RNA sequence: GCCCGGGUGGCGGAAUCGGCAGACGCGGAGGGCUUAAACCCCUCUGACCCAACGGUCGUGCGGGUUCGAACCCCGCCCCGGGCACCA
């Protein structure tokens, strides 16, 4: 650290240096831990504290908890943590009981893969990583309640993850009541005949298996065949992002097959409308809400049935008004009707482009489906060329009776709508391209406006052969039967939908893009499912008293692998092999019987779907959270905060979780709410996305990243070991080799300086570049504060009991008011700027008088303490206080000192500032105008002209318009 | 392609109910302290013109509204993030 002050040898003995900071920080961290300073009392239970009751004012501040990685932290990680810590400390000084802790989302793939490579048990590496990260977080001075720290891999934690799974499994969604209810109530409705069974027979005549199936069809957690990327060579299912464009696995380069597999699913789609509507309750940014809305993807349209020889083919469309332009249909390769639609031979006169050169439709389709199955979702989506084959079958367009050919093409996805579309090539660009490629007719059904043709340099025409692309927009309907002449899409949609409904060919429908959540993994390092199967293969939920289902110990963490080309192999997860785990004899209420355990594990999302609730009551062994404790921290508080719907008061984390984690957690929370286990409708009331710390990264001529710390800048270029390198810019991290360790910052400046620098760099929600060179500025600031209060030679305080002068007091009270406002709004950068300004003023005062007024010193230390807690504690103690500054009341600004007697007002002539006048703060418009017009510079600027208009904004400006 | 952000000095950023553009920090220049240096303290630091007073320009680009626009409107460009053959 060439620019560190540590290189100088003859510093004053009590200068605030990195060494002094290290000493101060270590001492206060020890004392905080020893005294349990940050332990927030619960209203009841073991975490209640006799001497410190849980008051009415509570605040739950939550960070997105980290995955305990083996490489530890870099300075980009704690940005959000420092922000929440500053806010929590600020709130404690307002007399608020703050729940603030940190846990670890420790199940997941990296630990498992590390275990596979090294043979070390994930539990061992996880424990070591957690310990290391706890140490690093403590070094930052974060004010966590350590009693509440949780680890998702702890059986005392995942016991309750399993318990919540059972709650979901044992529930169904009552669409008319719009809420989840216990499955027993559904069974009662069936039994009482209030609800029809699937085939209409009486409940009493159904066998056990039939009853089981009827209930399973309603459960919020259910088993279903779901499409997955199966990689026999790895023996596991892989994510889209792990599949290359060639349809092979990232690791090992094995073939990956798209196929369906029996998987646990969560019926999150049942909650689509509530997840959408309740966004209105939340104090989230509009950007974030819109991401969730787009993901849920509600659309209004119609389901339309096209008759075929194989039965009705149903499509979903958002534009039923375009039905007259539908000239062909496309079904996804996985569509269940593909086989039935496949004609025995090509109809006479089939266009050769439709057959892919195959002798029969069956051959063409089999080949096409095989090719589609070997492509990843990603590859299917990236392909620009339109591919597909004709089934040999035709459907009948219900509005005009025209026969339309049915194709199989992979640009239609099984996962959305019905997996089949009606293609309207004149109004949809994808359909347009497909029609062009396959020589299908493209009749115009809406007349584009004249500008549309003008912009494309063609003459107006309804002959689509002259069109370069599909027309998407509003236009008068043509060649559309009953719609001809209509101009309103909304009106046309309504008319067509009514027409279809009357004739039984379709219905208005609401569709969501949101799909059910694939919830099982064939892996080792996750929560086992609390489910067993009886001799008939029927799933049975374990009773809560049998929880936790412990993850069994083993030293074989890899799944069984297969011949890489054996598409029809089936995964054998690590738990599958453990007979003592898999085969059990249990008494589930009907005597001891043999069962087989489910050998899937839950996804990493599971543990993070409810962790905020466990922070509330981490030691509870009777329930996942005590209801009274839950109500205190999470419930609405109509008396205290009428507009607050309950939930975590402030949740801070990266925008990468804007959709999945936040949606899954909201879903679980809503189920728990419906079942009466939690008291708020939403888990995270206010959400704040912190930005990323970015940094320069450098690539050599081969395009590989080199260690950024070793790069030097000279001669207008960048050099690494004498070779030129290219500068890039990106998120700080290991992959770009541009990470800066917090340890370097502690050594050079201390934790308080690092905290201050990260908070001063810019707004918390903005990404910003790391610049080590700039850190010194915040170190100098702390140093100046220290020097204003402490003699650097003797270490003695340099304060006095004289009152501060009027100017200093006014400035101090303005600073109090401003800093308080900015902290409340998480604008720490501007709060720090104001504190620096005040301290710069104070430097002048101290150099004039030789000491600082004690009253000013005390307040300054209080204002600084959330940001730089260690040095603030040290100064507070030096000022004679024995208690920690943590709960000392935040200073209150005197309103009388916030208003100035006189103000300086700019005077504009024709909108340009020509002068400034000093007037009493209370000056009215007449006084302002008169003063302005009497000003020499203004007179000069007017040059004898008389203003024809005068704008006076009291307190702001005067503008004379000539 | 769609959606969401964002473009302000050499750098990070202030200032948005439409009212003094550039707070604060870094970097740079000059001065003080010192035998000397470091540290520290003070002053200056958007560009251009001017000896100076002062003036002109200036918040990605082009228009517009307004007494007045970084901020509002229209049309573009660029950067970041997210989503995507979504029917």
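Numbering (the numbering used here), first residue to last: 168 to 1129. Think of the CB as a built atom: it goes at the ideal place given N, C-alpha and C, for glycine as much as any other residue. Please read these numbers as outputs of a predicted model, since none were measured by experiment.
Restricting to Cα atoms, I'd like to know which of the options is closest to residue i.
| i | options | result |
| --- | --- | --- |
| residue 194 | 305, 206 and 259 | 305 |
| residue 396 | 971, 1120, 908 and 426 | 426 |
| residue 856 | 222, 394 and 231 | 231 |
| residue 877 | 859, 905 and 858 | 905 |
| residue 496 | 602, 344, 773 and 462 | 602 |
| residue 692 | 1080, 279 and 423 | 279 |
| residue 265 | 255, 272, 273 and 271 | 255 |
| residue 315 | 348, 251, 229 and 259 | 229 |
| residue 741 | 735, 734 and 749 | 749 |
| residue 553 | 1028, 364, 523 and 565 | 523 |
| residue 694 | 323, 285, 1085 and 208 | 323 |
| residue 667 | 719, 565 and 609 | 565 |
| residue 239 | 295, 217, 219 and 953 | 295 |
Any idea if residue i is buried or exposed, counting beta-carbon neighbours within 10 angstroms, 16 or more meaning buried?
| i | result |
| --- | --- |
| residue 187 | buried |
| residue 549 | Residue placement at residue 549 cannot be trusted, given a pLDDT of 49 that sits under 50; what the coordinates show is reported in the next sentence. With fewer than 16 other Cβ atoms within 10 Å, it is exposed. |
| residue 435 | buried |
| residue 785 | buried |
| residue 987 | buried |
| residue 836 | buried |
| residue 859 | buried |
| residue 845 | buried |
| residue 275 | buried |
| residue 625 | exposed |
| residue 690 | buried |
| residue 1006 | buried |
| residue 1059 | exposed |
| residue 1113 | exposed |
| residue 983 | buried |
| residue 752 | exposed |
| residue 174 | Because residue 174 sits at a pLDDT of 39, beneath the cut-off of 50, its placement in the model cannot be relied upon, and the point is left open. |
| residue 815 | buried |
According to the Cβ coordinates, are residue i and residue j closer than 8 Å?
| i | j | result |
| --- | --- | --- |
| residue 724 | residue 290 | no |
| residue 331 | residue 386 | no |
| residue 922 | residue 249 | yes |
| residue 653 | residue 644 | yes |
| residue 561 | residue 571 | yes |
| residue 563 | residue 474 | yes |
| residue 926 | residue 1034 | yes |
| residue 328 | residue 774 | yes |
| residue 865 | residue 885 | yes |
| residue 1153 | residue 581 | As displayed, the chain neither begins before 168 nor continues past 1129, which places residue 1153 out of reach and without an answer. |
| residue 648 | residue 567 | yes |
| residue 1124 | residue 1117 | no |
| residue 592 | residue 609 | yes |
For residue i, which three-state DSSP category applies?
| i | result |
| --- | --- |
| residue 673 | strand |
| residue 724 | coil |
| residue 944 | helix |
| residue 549 | In this predicted model, residue 549 has a pLDDT of only 49, less than 50, meaning its place in the structure is not dependable; the value taken from the coordinates is given anyway. Of the three classes helix, strand and coil, the one that applies to residue 549 here is helix, per DSSP. |
| residue 865 | strand |
| residue 668 | helix |
| residue 462 | helix |
| residue 344 | coil |
| residue 317 | coil |
| residue 1019 | strand |
| residue 849 | coil |
| residue 964 | strand |
| residue 288 | coil |
For the stretch 436-454 against the stretch 840-853, do three or more pairs of beta-carbon atoms, one drawn from each stretch, fall closer than 8 Å, so that the two count as touching?
yes
Inter-stretch contact at 8 Å, needing at least 3 Cβ pairs: the stretch 794-809 / the stretch 715-730
no
Touching or not, the stretch 458-470 and the stretch 861-874, by the rule of three or more beta carbon pairs under 8 Å?
no
Pairs of beta-carbons, one from the stretch 812-832 and one from the stretch 234-251, closer than 8 Å: are there three or more?
yes
Count the C-beta pairs between the stretch 962-982 and the stretch 1015-1025 that are closer than 8 Å, then say yes if the count reaches three, no if not.
yes
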